[in-house]
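Peer 1: Under the working numbering, the letters of the sequence shown match residues 388 to 630, in that order. Cβ coordinates follow ideal geometry from the N, Cα and C atoms, glycine included. After the C-alpha cells below, expect a handful of questions from me.
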Amino acid sequence: MNCLKRTAALLLVLACVFTGAAAETTEQEEVLRFYDGSVFFGDSITASLQAYISYLHKHGSNILSGVTFVSTNSITLYEGSRTSVGSVRRFYYRGIPNSLYAITKIIKPEKVFILLGMNDPVGIKIDKAIGWVEEMISTLAVYSPGTQVCFFSETPVTLQYCTEKDRPEYQNQVDEYNRRLRETCENNGAEYIEIAEAMKGEDNYLNPDYASDRMCHLNPEGLKAWIRCLEEYARSRTGKPEE
C-alpha cells in the first residue's frame with residue numbers, strides 16, 4: 388500500500404472512531420500547549436499524526452493546535468539533513484519546497500521536533516545516521532540559533548516487517564540506533580524524546596494493534612500512544628503533575 392493509500396485508510400478509520408475525544412481532552416490540551424509555536428518535521432509517520440490531529444480539530448478539540456506540521460512521505464533522514472534540496476526529496480512550507488533549515492529560519496520556532504529514519508533505514512546504517520543527526524543539530528544552530536532541537540526515538544517495526552524485509556535483527560538494530568541517538572542528543576545540546584517503548588508489545592516489536600499496515604505505520608491507537616508520550620514529556624518539562 389503506497390503512502391497516499393495509507394493516508395486515505397487512516398482518515399477512513401478516523402471517521403469511525405474517537406467521536407467523544409473533544410469532551411475528554413480539556414486537561415490534556417492544556418498540558419500540550421507546551422508545544423505551541425513548535426514545528427514537527429517528519430515523513431509519513433508524522434503525516435499520520437498530522438492527519439489525526441486535523442481530524443480531532445474538526446471535531447472540537449484544540450489538541451496541539453499551536454504546532455506546525457511539516458512532513459513529506461518517504462523522505463529520509465539523509466534528505467532531511469541536506470541544505471541543498473535540488474536533487475533530493477524536500478519539505479514544503481506554504482507550497483514552496485525548501486530545506487528543514489530554511490523552513491526553521493522562516494518560522495523561528497522555539498522548538499523543532501524531528502522524526503526521520505524509517506526510510507533510510509537507520510538501523511542498518513547507524514553510524515551514517517548518527518552523522519546526519521549531528522549535522523542537523525549543528526546546522527540548525529546556525530540557521531536558527533535560539534531554537535531547541537528535539538529528536539523523537541525511531542518508532543518500532545512489527546515482526547512481520549522484519550520477516551518480509553528479511554531483516555531478522557532489524558528491531559534490535561533500531562534499539563541500538565535509539566541508544567546512540569539519545570547519547571548524541573545529550574552530547575550535542577539537543578533533546579531526546581522516547582516514544583518507541585510505548586508502542587511496543589511484550590515481544591519488543593511494534594504492537595500489531597498499533598499498526599495500520601501490519602508493518603511500521605501507526606493507526607489511531609498507535610498515534611494516541613505517541614500523544615501520551617508527548618504529554619509525559621511536557622509534564623516533565625513544566626512540572627505539571629498528572630491529575
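So, at 6 Å on beta carbons, what are the nonlocal neighbours of isoleucine 501 in its own chain, with the 5 sequence-adjacent residues on each side left out?
Peer 2: Around isoleucine 501: Phe428 and Phe538.
Peer 1: In the DSSP output, what is phenylalanine 427 paired with across the bridge?
Peer 2: Looking at the DSSP assignment, phenylalanine 427 forms a beta bridge with Phe456 and Phe500.
Peer 1: Using the rule of at least 16 other Cβ atoms within 10 Å of the residue's Cβ for burial, across every protein chain shown, is tyrosine 479 buried or exposed?
Peer 2: Answer is exposed; the Cβ neighbour count stays below 16.
Peer 1: Return the CA-CA distance between glutamate 570 and alanine 577, expressed in angstroms with no decimal places.
Peer 2: Their Cα atoms are separated by approximately 10 Å.
Peer 1: Taking the alpha carbon of aspartate 423 as the reference point, which residue from Pro496, Arg567 and Thr534 has its own alpha carbon closest?
Peer 2: Closest by alpha carbon: Pro496.
Peer 1: Let me know if histidine 604 comes out buried or exposed under the rule of 16 or more other beta-carbons within 10 Å of its beta-carbon.
Peer 2: By the neighbour-count rule (16 or more Cβ atoms within 10 Å), histidine 604 is buried.
Peer 1: Thinking C-alpha only, which one of Asn575, Ala528, Gly609 and Ser486 is nearest glutamate 584?
Peer 2: Per the Cα distances, Gly609.
Peer 1: Going by CA-CA distance only, name the one from Val457, Arg477 and Thr455 that's closest to tyrosine 465.
Peer 2: When each option's Cα is compared against that of tyrosine 465, the closest is Arg477.
Peer 1: Counting along the chain, where does the beta strand (DSSP E) carrying proline 484 start and finish?
Peer 2: Taken as a continuous stretch (DSSP letters only), the beta strand (DSSP E) holding proline 484 covers 483-485.
Peer 1: Could you tell me whether any non-hydrogen atom of the ligand MG is closer than 8 Å to the CB of tyrosine 422?
Peer 2: Ligands in the displayed structure: none, and consequently the ligand MG is not present.
Peer 1: Does the beta-carbon distance from valine 529 to leucine 487 come in below 9 Å?
Peer 2: Their beta carbons are not under 9 Å apart, which means valine 529 does not touch leucine 487 by this criterion.
Peer 1: Pull up the distance between the alpha-carbon of glutamate 629 and that of serine 448, whole angstroms please.
Peer 2: In a straight line, the C-alpha of glutamate 629 is about 20 Å away from that of serine 448.
Peer 1: Is DSSP giving tyrosine 557 helix, strand or coil here?
Peer 2: Three-state DSSP puts tyrosine 557 in a helix.
Peer 1: Based on the DSSP output, what are the partners of cysteine 537 in its beta bridges?
Peer 2: Answer is Phe500 and Glu578.
Peer 1: Who are the near neighbours of isoleucine 494 in its chain, counting only those whose CB is closer than 8 Å to its CB and skipping five residues on each side?
Peer 2: The residues are Val426, Thr455 and Tyr480.
Peer 1: Report yes if the C-beta distance between leucine 419 and leucine 617 is below 9 Å; otherwise report no.
Peer 2: Result yes, Cβ atoms of leucine 419 and leucine 617 sit closer than 9 Å.
Peer 1: Whose C-alpha, out of Arg567, Pro532 and Tyr597, is nearest the C-alpha of lysine 515?
Peer 2: Residue Arg567 is the option with its Cα nearest to lysine 515.
Peer 1: Out of curiosity, what's the CA-to-CA distance linking proline 595 and lysine 552?
Peer 2: Near 17 Å, if we compare the C-alpha coordinates of lysine 552 and proline 595.
Peer 1: Report yes if the C-beta distance between phenylalanine 588 and glutamate 541 is below 9 Å; otherwise report no.
Peer 2: The sequence shown places glycine at residue 588, not phenylalanine. No, they are not a contact pair.
Peer 1: Classify arginine 601 as buried or exposed, calling it buried when 16 or more other Cβ atoms lie within 10 Å of its own Cβ.
Peer 2: Label assigned to arginine 601: exposed.
Peer 1: Can you tell me which residues form a DSSP beta bridge with alanine 598?
Peer 2: Its beta-bridge partners are Leu605.
Peer 1: The beta strand (DSSP E) spanning tyrosine 530 covers which residue range?
Peer 2: Counting along the chain, tyrosine 530 falls outside any beta strand (DSSP E), though it belongs to the alpha helix (DSSP H) covering 513-530.
Peer 1: Let's see if you can read the secondary structure: which residues bound the beta strand (DSSP E) around tyrosine 479?
Peer 2: 478-480 is the extent of the beta strand (DSSP E) around tyrosine 479.
Peer 1: In its own chain, which residues sit with a C-beta less than 7 Å from the C-beta of cysteine 572, not counting the 5 before and 5 after it?
Peer 2: Contacts found: Phe538, Glu578 and Tyr579.
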